[in-house]
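Heads up: the structure comes next, in structure tokens.
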Ligand SMILES: Cc1cc2nc3c(=O)[nH]c(=O)nc-3n(C[C@H](O)[C@H](O)[C@H](O)COP(=O)(O)O)c2cc1C
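Numbering (the working numbering), first residue to last: 137 to 305.
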């Protein structure tokens, strides 16, 4: 699958089969995340990878839109290490780029995935930090729920030419 096909056919997948995801595949997903661009190439990301059902259940218990995690084979918590960054206020963009890379790589590898927002909701940030034992200054951006897909979705056409402004608005 080339990159344009991946972009055009990726959808959020929230229903999964029982098939496990190998550790090698999870490392490949994190590696895809680490190829993202970042401000000043500061690469502030850390990835917490879990296949632990109890941990995923505990996340789903406090996150209002994460019930699919109870079926998921794995999850990756994308975190930004905000300590000693030269361009600290860019960590959200940096980690968002990494997250999108993970979503696209998962899709290209035949997995289903969905981005579950954590930052900037204070309660979700605090509970995620406590659940995963994050050090002070390391902030969770989101959780990516992962599994082999048990649902298929058509591509969604979101092309609106009137959103494009040439030279000026
Ligand atoms: C910042 C962000 C937060 C999101 N949070 C959630 C979430 O908490 N739960 C969920 O099921 N989907 C979540 N999504 C997925 C969106 O609902 C989804 O991307 C959107 O509806 C478009 O659908 P698509 O991904 O299938 O193209 C989130 C997406 C983004 C970018």
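Every residue, glycine too, gets a C-beta built ideally from N, C-alpha and C.
Classify residue 270 as buried or exposed, calling it buried when 16 or more other Cβ atoms lie within 10 Å of its own Cβ.
buried
Quick one: is the Cβ of residue 202 within less than 7 Å of any heavy atom of ligand 1?
yes
Could you check if residue 252 belongs to the surroundings of ligand 1, using beta carbon to heavy atom distance under 7 Å?
yes
On the three-state DSSP scale, how would you describe residue 291?
coil
Given the structure, does residue 194 come close to ligand 1, in the sense that its CB is under 7 Å from one of the ligand's heavy atoms?
no
Check: residue 263 C-beta below 7 Å from any heavy atom of ligand 3:
Absent from the structure shown: ligand 3. Ligands present: ligand 1.
Of the residues 300, 282, 277, 297, the one placed nearest residue 209, counting alpha carbons only
Residue 209 has its Cα closest to that of 282, out of 300, 282, 277, 297.
Measuring CB to CB, does residue 193 end up less than 8 Å from residue 206?
yes
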